[in-house]
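Below is one structure; the comments refer to it alone.
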Amino acid sequence: MLRTAVSLALVATLAACAGSAVESNPPPAAAAPAPAPVPELKPGVPAGYLGRALPDSLALVPPPPAAKSPAFAQDEAIHATAQALRNGPRETLATSDADLNFPHAPTAFDCALDTPITQAGTPRLYLLMQRTMVDAGMATYRAKDHYKHERPFVHYNENTCAPGDEAALRKDGSYPSGHTAIGWTWGLVLVQIAPERTDALLARARAFGESRLVCNAHWQSDILAGRTVAAGTFARLQSDATFAADVAAARAEVANGAPVDQAKCEAEAALVGPIAGTL
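As numbered in mature numbering (1 follows the signal peptide of the UniProt record, and there is no 0), residues -18 to -1, 1 to 261 make up the sequence shown, in order.
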């Protein structure tokens, strides 16, 4: 079994996030064949691809920065820079990125991919993103549970961009960032599907993780470690035949995808640059 108590806690979180069921929603349009049913962690929450084969984040990342270390001073400096972006359009984007519920979550990558990601229009890609979210999120928990690193909003007695999540976040280790691992994994997978969109997709994946800095939910070191876990997850997925088949099917869907909302994309493009050029 995947890690018992910790895994169950993450499954509970992802149950809300991946909550649109594979079989309970209306069937997709005839032009986009429905994906085959997959195992579920609970009703409506498809399992990841990797199961017990998840990379071990405790082996992949070093310990988080110690108090009063130069690395923690860097975390504090980035925290101050990110918090200066609160109460503006960058926080609005960060708040949107914090929501991992489906069907909302994959829309973060619509503009970068240049086609909407929906269950009706791109069912295999939609399912792929649900399943890789579970893999990337689960993969952070060996280190999260071991280090139990304090989050910045707790450290400074501040708030976040998602007050409703704060009680759960206080009990969930900060290091590595699960949102970042998920977003960076998604970026890498989408590059595999649409390599001609590499720059836009990876820029959006970077911004997706940095949104956690603006939200005051993570330190810079959490973000960097989350990318490392994502890289390990993505690398391991390359050996999974079902994942490879879904990538191929998603590639065909994207090639025939619908147009995006250009006004939304122009507004988003102005917000996805690196925070203060430091990351």
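Every residue gets a Cβ at the ideal spot worked out from N, C-alpha and C, and that includes glycine.
For clarity, every value in this text was computed on a predicted model and none was experimentally measured.
7 Å Cβ cutoff, residue i in contact with chain D
i, result
"VAL211", "Note that chain D does not occur in the displayed structure, where there is just one protein chain."
Residue j beta carbon less than 7 Å from that of residue i
i, j, result
"THR224", "ALA121", "no"
"TYR123", "PRO46", "no"
"ALA240", "PRO105", "no"
"ARG242", "ASP96", "It should be pointed out that residue 242 corresponds to Val in this sequence rather than to Arg. Yes, they are a contact pair."
"GLU132", "ASN198", "no"
"PRO158", "ALA207", "yes"
"ARG218", "PRO52", "no"
Nearest-angstrom Cβ-Cβ length linking residue i and residue j, presumed shorter than 8 Å
i, j, result
"LEU42", "VAL211", "6 Å"
"SER173", "THR180", "Before going on, a small fix: residue 173 reads as Val here, not Ser. Yes, VAL173 and THR180 are in contact; Cβ-Cβ is about 5 Å, under 8 Å."
"ALA176", "VAL236", "5 Å"
"ASP204", "SER156", "5 Å"
"TRP201", "PRO145", "Between PRO145 and TRP201 the Cβ distance is about 20 Å, and since that is not below 8 Å, they are no contact."
"PHE54", "ALA62", "Wrong, their Cβ atoms sit about 13 Å apart, outside the cutoff."
Secondary structure of residue i, DSSP reduced to three states
i, result
"VAL27", "strand"
"GLU132", "coil"
"GLU22", "strand"
"ASP147", "helix"
"ARG186", "helix"
"GLN244", "helix"
"VAL236", "helix"
"PHE84", "coil"
"TRP201", "coil"
"ALA12", "Caution is warranted here: a pLDDT of 46 is assigned to ALA12, below 50, making its placement in the model unreliable, and the coordinate value is therefore given only provisionally. Reduced to three states, the DSSP call for ALA12 is coil."
"ALA252", "coil"
"ILE164", "helix"
"ALA66", "coil"
"GLY103", "coil"
"ILE257", "helix"
"PRO98", "coil"
"PRO44", "coil"
"THR122", "coil"
"SER221", "coil"
"TYR108", "helix"
"GLY214", "helix"
"LEU32", "coil"
"GLU5", "Caution applies to GLU5, whose pLDDT of 35 falls short of 50 and renders its modelled position unreliable; the model cannot decide the point."
"ALA49", "coil"
"GLY208", "helix"
"SER159", "coil"
"ALA226", "helix"
"PRO37", "coil"
"GLU140", "coil"
"ALA176", "coil"
"ASP154", "coil"
Beta-carbon contacts of residue i that lie in its chain and below 6 Å, excluding the five residues immediately before and after
i, result
"ALA118", "ALA163, ILE164, THR167, ALA212 and THR215"
"GLU178", "none"
"residue 339", "Any property of residue 339 remains undetermined from this structure, which presents the chain solely from -18 to 261."
"VAL196", "ALA64, LEU67, ARG72, GLU73 and ALA76"
"GLU250", "CYS93"
"ALA12", "Low confidence applies to ALA12: its pLDDT is 46, below 50, so where it sits in the model is not reliable, and the reading given next is rough at best. Here the set comprises nothing."
"ALA252", "none"
"LYS126", "GLY155"
"VAL20", "PRO28"
"PRO160", "Here residue 160 is Gly; the residue named in the question, Pro, does not match the sequence. Answer for GLY160: GLY119 and THR122, listed in chain order."
"CYS247", "CYS93"
"ASP81", "none"
"PRO256", "none"
Residues near residue i in its chain [Cβ-Cβ closer than 8 Å; skip 5 each side]
i, result
"ARG209", "THR162, ALA163, TRP166 and GLY191"
"HIS86", "SER78"
"LEU110", "VAL171, PHE225, ASP228, VAL229 and ALA232"
7 Å Cβ shell around residue i - same chain, five flanking residues per side excluded
i, result
"TYR108", "PRO88, ILE99, THR100 and GLN101"
"LEU184", "GLY169 and VAL173"
"VAL254", "ALA185, ARG186 and ALA189"
"ARG233", "ILE175"
"VAL136", "ARG152"
"GLN56", "GLN202"
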